[in-house]
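Residues -19 to -1, 1 to 146 (mature numbering (1 follows the signal peptide of the UniProt record, and there is no 0)) make up the sequence shown, in order.
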Amino acid sequence: MRLILLSSLAALAAGSATAAPLSTVGSVEVTIAPELQKKAEKDLGVKDVDRLATELRKDVTRELERTGVMAGGRLELVLTDVRPNRPTFRQLGNKPGLSYESFGIGGATIDGQAVSVTGEITPIHFQWYESDIGEAWTKSTWSDASYAFNRFAYGYGRGESYAAR
């Protein structure tokens, strides 16, 4: 009887040691769309747009870690468009009469796809742009874009689907 119990426990332990545990965090890849890359080189500033792509990846990864959504899968996101609330350093340098006190509505567009652990692909489209300029005067350069990233990450981490239609 003891032999059966010990051999059962040994087999159970060996089976769990050989089975690789499923990752609790999906991978998140963020690239910049070619059109946005050109816009960054010409107008917005490459460093600013690269920093925004990094911020998007960190925000989404944080929420996936927190909630466990997409465990073992991956998100392939493309930062398609961003609009600043205030002029970027590059814009201020390109246009001498422009002031940092200038403001407008900002936001971001995110496209891409989610690939589940089973290989199922779901296209993603998300965009958010501020609609009230009355709020813009209090914000920093990338406030609305950052808010859009947080809104996307929070919703996706809680199972909201942003399937492209």
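From the three backbone atoms N, C-alpha and C, an ideal C-beta is built for every residue, glycine too.
Does DSSP put residue i in a helix, a strand or coil?
{"i": "Thr42", "result": "helix"}
{"i": "Gly115", "result": "helix"}
{"i": "Phe130", "result": "helix"}
{"i": "Arg71", "result": "helix"}
{"i": "Tyr110", "result": "strand"}
By a C-beta neighbour count over all protein chains shown, 10 Å radius and 16 as the cutoff for buried, is residue i buried or exposed?
{"i": "Ile91", "result": "buried"}
{"i": "Pro104", "result": "exposed"}
{"i": "Gly93", "result": "buried"}
{"i": "Lys28", "result": "exposed"}
{"i": "Pro77", "result": "exposed"}
{"i": "Glu44", "result": "buried"}
Out of curiosity, what's the CA-to-CA distance linking residue i and residue j?
{"i": "Asp40", "j": "Ile102", "result": "22 Å"}
{"i": "Ala95", "j": "Ser80", "result": "40 Å"}
{"i": "Ala14", "j": "Arg38", "result": "15 Å"}
{"i": "Arg139", "j": "Leu60", "result": "21 Å"}
{"i": "Arg132", "j": "Val98", "result": "24 Å"}
{"i": "Val50", "j": "Tyr137", "result": "8 Å"}
{"i": "Gln18", "j": "Ala34", "result": "11 Å"}
{"i": "Glu46", "j": "Val63", "result": "25 Å"}
Name the one or two DSSP bridge partners that residue i has.
{"i": "Asp62", "result": "Thr90"}
{"i": "Ala95", "result": "Leu56 and Thr103"}
Does any residue of chain B have a CB that is nearer than 8 Å to the CB of residue i?
{"i": "Ser8", "result": "Structure shown: chain B not included; a single protein chain is present."}
Contact the stretch 10 to 23 vs the stretch 39 to 58: 3+ CB pairs below 8 Å: By the Cβ rule, the stretch 10 to 23 counts as touching the stretch 39 to 58, because three or more pairs are nearer than 8 Å.
Three CB pairs or more closer than 8 Å across the stretch 12 to 25 and the stretch 71 to 88: Result yes; three or more Cβ-Cβ pairs closer than 8 Å.
Meets three-Cβ-pair contact criterion under 8 Å: the stretch 81 to 95 and the stretch 113 to 129: Touching, yes.
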